[in-house]
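From first to last, the protein sequence lines stand for chains A and B.
Residue numbers for the first sequence follow this note's numbering, beginning at 1 and rising by one.
Residue numbers for the second sequence follow this note's numbering, beginning at 1001 and rising by one.
There are 2 protein chains.
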Amino acid sequence: MRILGIDPGSRITGYGIIEKQGNRLLHIDNGAISTRSSDDLADRLKVIYQDLHRVIAQYAPDAVAIERIFVAKNAQSALKLGHARGAAMLAGVIADLPVAEYTAVEVKSAVVGYGRAEKSQVQQMVRMLLNLPEIAQEDASDALAVAICHAHSNALSDRLPGLNSS
Amino acid sequence: MRILGIDPGSRITGYGIIEKQGNRLLHIDNGAISTRSSDDLADRLKVIYQDLHRVIAQYAPDAVAIERIFVAKNAQSALKLGHARGAAMLAGVIADLPVAEYTAVEVKSAVVGYGRAEKSQVQQMVRMLLNLPEIAQEDASDALAVAICHAHSNALSDRLPGLNSS
């Protein structure tokens, strides 16, 4: 099973592709989509959507995982983040992929085993779990973390037939 | 020139199509896309995007106009609205249409001639300007209002060659 993890942002959207083979997790690719070059919101959303569309076409993932967000600094940043996150989710759902959402606590628990882990601990564990030569770019690393979370969640439902967590 | 106005919302997204022929404004169609049937955010975004995609394919507008939002009740509602608004803008920009944004004050000024007009005044003016038999559904009426605003803004730039407001 191949999973696309996404960490959406109004300036940078990270993505990461992993493959689950039995109990093993393989790193396929990761990257960061920058939308800093345009001040136009519609243009930025188009870049996020089309770049993720290309990633999906290239790597043919079976599922998309994205962090669920509850809080934002303020209404303005929430509004901006919402636009970017909506564009990212659409890229998955328009490609007919299931889109799973996980809270930050779920992601940290799945990757580090501790829901209040530091960001640097999560990055180190992502690097180790996927045998990366170095820590991935920050947003790409967060995207890989949510993909790993989905792989674990999915592994659970594989072991418990009839329970579908997605 | 044919304009698609959109009033995005996480539960209902209104749309309205008008045509500007010289100084005349013609009503083409309006409607409301309900996403209440699904609790799944990704599904709701897909409905907004695909329904607007269908409206664009059916009526072939030359431009999209959407209200610019500055405030929201709180970060949670801003986040939800941002997702829906992002999906609506994407439907336009993926169809290679220019997407213009107008503040509520600009829309009210264009339609009623007074930036602090009541919602009911805007609805009545939309009905009169477009010769509708009755007031359109609330969100569809708001969508027609922003389309009218774009038609007026556009009329101005037509009269002042070299000034492009879109």
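Heads up, the beta-carbon is just placed ideally off N, CA and C, and yes, glycines get one too.
Given the structure is predicted, the values throughout are model-derived calculations rather than measurements.
Query, Result
"Boundaries of the beta strand (DSSP E) in which B:Asp1007 is found, first to last residue", "Arg1002 to Asp1007"
"Neighbourhood of B:Ala1151 by C-beta, 7 Å cutoff - its chain only, sequence neighbours within 5 removed", "Ile1003, Ile1018, Lys1020 and Leu1025"
"Closer than 9 Å to chain A by CB, B:Glu1180", "As shown, chain B starts at 1001 and ends at 1166. That puts residue 1180 of chain B outside it, with no answer to give."
"With 16 other Cβ atoms within 10 Å as the buried cut-off, status of A:Arg85", "buried"
"Extent of the continuous beta strand (DSSP E) to which A:Gly31 belongs", "Arg24 to Ser34"
"Under 9 Å between C-beta atoms of B:Val1107 and B:Ile1148", "yes"
"N- and C-terminal bounds of the alpha helix (DSSP H) containing A:Ala104", "Ala104 to Val111"
"Three-way DSSP call (helix, strand, coil) for A:Ala65 in this model", "strand"
"Candidates B:Asp1039, B:Thr1013 and B:Leu1045, of which the one nearest B:Gly1031 by Cα", "B:Thr1013"
"C-alpha distance - A:Ala78 paired with A:Tyr114, whole-angstrom precision", "26 Å"
"Where B:Gln1076 falls: helix, strand or coil (DSSP)", "helix"
"C-beta neighbour in chain A for B:Glu1106, strict 9 Å", "no"
"N-terminal and C-terminal residue of the alpha helix (DSSP H) that B:Tyr963 is part of", "Residue 963 of chain B lies beyond the residue range present for chain B, which begins at 1001 and ends at 1166; the question has no answer from this structure."
"A:Ala147 (DSSP reduced to helix, strand or coil)", "helix"
"Closer than 8 Å at the beta carbon, the chain E residues around B:Tyr1049", "Of the protein chains in the structure, A and B, none is chain E."
"Cutoff 6 Å; reference A:Gly16; Cβ partners in own chain excluding five residues on either side", "Gly5, Asn30, Ala140, Ala143, Leu144 and Ala147"
"CA-to-CA distance, A:Tyr102 to B:Val1047, given in whole angstroms", "22 Å"
"Beta-carbon proximity of B:Val1093 to A:Ala117, cut-off 9 Å", "no"
"Three-state secondary structure assigned by DSSP to B:Gly1100", "Just to set this straight, residue 1100 of chain B is Ala in the shown sequence, not Gly. Correct three-state label for B:Ala1100: strand."
"Proximity test, Cβ basis, 9 Å: B:Asn1164 and chain A", "Because the pLDDT of B:Asn1164 is 43, which lies under 50, any placement of that residue in the model is unreliable, and the question is left without a value."
"Distance, B:Asn1074 Cα to B:Pro1133 Cα", "37 Å"
"9 Å Cβ cutoff, A:Lys119 in contact with chain B", "no"
"Alpha-carbon to alpha-carbon, A:Pro98 and A:Leu163", "With a pLDDT of only 47 at A:Leu163, under 50, the local geometry of the prediction cannot be trusted, and the value read off the model is given with reservation. Distance between the alpha carbons of A:Leu163 and A:Pro98 is about 16 Å."
"Helix, strand or coil at A:Glu167 according to DSSP, with G and I counted as helix", "Shown here, chain A extends from 1 to 166; a query on residue 167 of chain A therefore has no answer."
"Closer than 9 Å to chain A by CB, B:Ser1141", "no"
"is_contact[A:His152, chain B] using C-beta, thresh 9 Å", "no"
"Three-state secondary structure (DSSP) of B:Leu1163", "Low confidence applies to B:Leu1163: its pLDDT is 47, below 50, so where it sits in the model is not reliable, and the reading given next is rough at best. Of the three classes helix, strand and coil, the one that applies to B:Leu1163 here is coil, per DSSP."
"Listed by chain order, chain A residues near B:His1203 by CB distance under 8 Å", "No answer is possible for residue 1203 of chain B: it lies beyond the span of chain B, which begins at 1001 and ends at 1166."
"Within chain B, the residues that A:Ala87 reaches when beta carbons sit closer than 7 Å", "Gly1086 and Leu1090"
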